[in-house]
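Structure first, then comments.
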Amino acid sequence: MLGIRLWRSIFIRTQKSPNPAFLQFYPGSTVIEEGTIDYPSLRLAANCPLAVQLFQIEGVSRVFLSKDYVGIGKSQEKNWENLKPLIFEVLMDYFSSGKSVISDVPQDEDTKINDTDSEDLAMIKEIIEYRVKPFVRDDGGDVRFLSFDEEAGVVTLEMRGSCAGCPSSAVTLKNGIEKMLTHYVPKVKKVEGVDA
Numbered sequence: 018m019l020g021i022r023l024w025r026s027i028f029i030r031t032q033k034s035p036n037p038a039f040l041q042f043y044p045g046s047t048v049i050e051e052g053t054i055d056y057p058s059l060r061l062a063a064n065c066p067l068a069v070q071l072f073q074i075e076g077v078s079r080v081f082l083s084k085d086y087v088g089i090g091k092s093q094e095k096n097w098e099n100l101k102p103l104i105f106e107v108l109m110d111y112f113s114s115g116k117s118v119i120s121d122v123p124q125d126e127d128t129k130i131n132d133t134d135s136e137d138l139a140m141i142k143e144i145i146e147y148r149v150k151p152f153v154r155d156d157g158g159d160v161r162f163l164s165f166d167e168e169a170g171v172v173t174l175e176m177r178g179s180c181a182g183c184p185s186s187a188v189t190l191k192n193g194i195e196k197m198l199t200h201y202v203p204k205v206k207k208v209e210g211v212d213a
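FYI, the numbering for the sequence shown is 18 to 213, going by my numbering.
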């Protein structure tokens, strides 16, 4: 279900994700230039003035930035009807001000292929970057490659954004990501996810 609100000549569209505790807010302009940035707590949001402001809203538990949307996670005891107007206000004020969303972009190079990577590891990173990440980003989430234990055949991914704590992320992990990786990289036996 989509919601649209006009304020100070800025349209902000909302979109639900599979995680009922996560909502995507589309301000109609570029949020960050590329990739995603996940702020699971205020403590980790020091380089993002927008996230710091959003965390000041009681009930906001996570801020997730993507190229075209700001994802917001909420605590279980809060409802979207009360949170959305407060979030809209912060987003509209911020995007109409012209301020930079982040002051320093952390470089997320989890899927960068290195000269020392084995052929299997390079293939895993490529699949995650070009097939898995675009799929989960559509639902307001992201994954970050953490490790591949070649002896055990276990790939470990960090679940970010709406994927962190989402009831359906385990299904996505097993029925989507694990099936894809085990199909294309026979040495992969299992994929495990950890929340950010």
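C-beta: ideal position from N, C-alpha, C; glycine also.
The structure displayed is predicted, hence computed values, not measured ones.
Taking 7 Å as the cut-off, decide whether the C-beta atoms of Pro35 and Ser185 are in contact. Yes, the pair counts as a contact, with Cβ atoms nearer than the cut-off.
From the DSSP output, which residues share a beta bridge with Glu175? Arg161 and Val211
Using a Cβ-Cβ cutoff of less than 7 Å, which residues in the same chain neighbour Phe112 once the five nearest sequence positions on both sides are dropped? Ile27, Pro44 and Ser46
Does the beta carbon of Gln41 fall short of 6 Å from some heavy atom of the ligand FAD? For the structure depicted, the ligand FAD is absent and the ligand set is empty, with no information on it obtainable.
Would you kindly work out how many angstroms separate the C-alpha atoms of Cys183 and Gly115, rounded to a whole number? Their Cα atoms are separated by approximately 33 Å.
According to DSSP, Val80 sits in a beta bridge with which residue or residues? DSSP output for Val80 lists Tyr56 and Ile89 as bridge partner(s).
Short check: CB of Gly157 to CB of Gly178, under 7 Å? yes
Straight-line Cα distance separating Asp134 from Glu167: Inter-residue distance for Glu167 and Asp134 is about 11 Å (C-alpha atoms, whole angstroms).
Between the Cα of Lys150 and the Cα atoms of Asn64, Met176 and Leu108, which residue gives the shortest distance? Closest by alpha carbon: Met176.
Between which residues of its own chain and Phe72 is the CB-CB distance below 7 Å, once the five residues before and five after are set aside? Closer than 7 Å at Cβ, skipping near neighbours: Leu59, Ala62 and Val80.
Given that a residue counts as buried once 16 or more other Cβ atoms are within 10 Å of its Cβ, and exposed if not, what is Tyr147? exposed
Assumed close pair Val48, Val153 - CB separation to whole angstroms, cut-off 8 Å: So it is not a contact: roughly 17 Å between Cβ atoms.
Assign Lys101 to one of three DSSP states: helix, strand, or coil. DSSP places Lys101 in helix when its eight states are reduced to three.
Chain B beta carbons: is any one of them nearer than 7 Å to that of Lys33? Structure shown: chain B not included; a single protein chain is present.
Short check: CB of Val188 to CB of Leu198, under 7 Å? no
For the beta strand (DSSP E) holding Thr31, just list the boundary residues, first then last. Ile27 to Lys33
List the endpoints of the continuous alpha helix (DSSP H) containing Leu71. Pro66 to Phe72
Counted within 10 angstroms of its Cβ, other Cβ atoms place Glu195 as buried (16 or more) or exposed: buried
Start and end residues, alpha helix (DSSP H) containing Leu138: Glu136 to Ile144
Determine whether the beta carbon atoms of Ala68 and Tyr56 lie at a separation below 7 Å. yes
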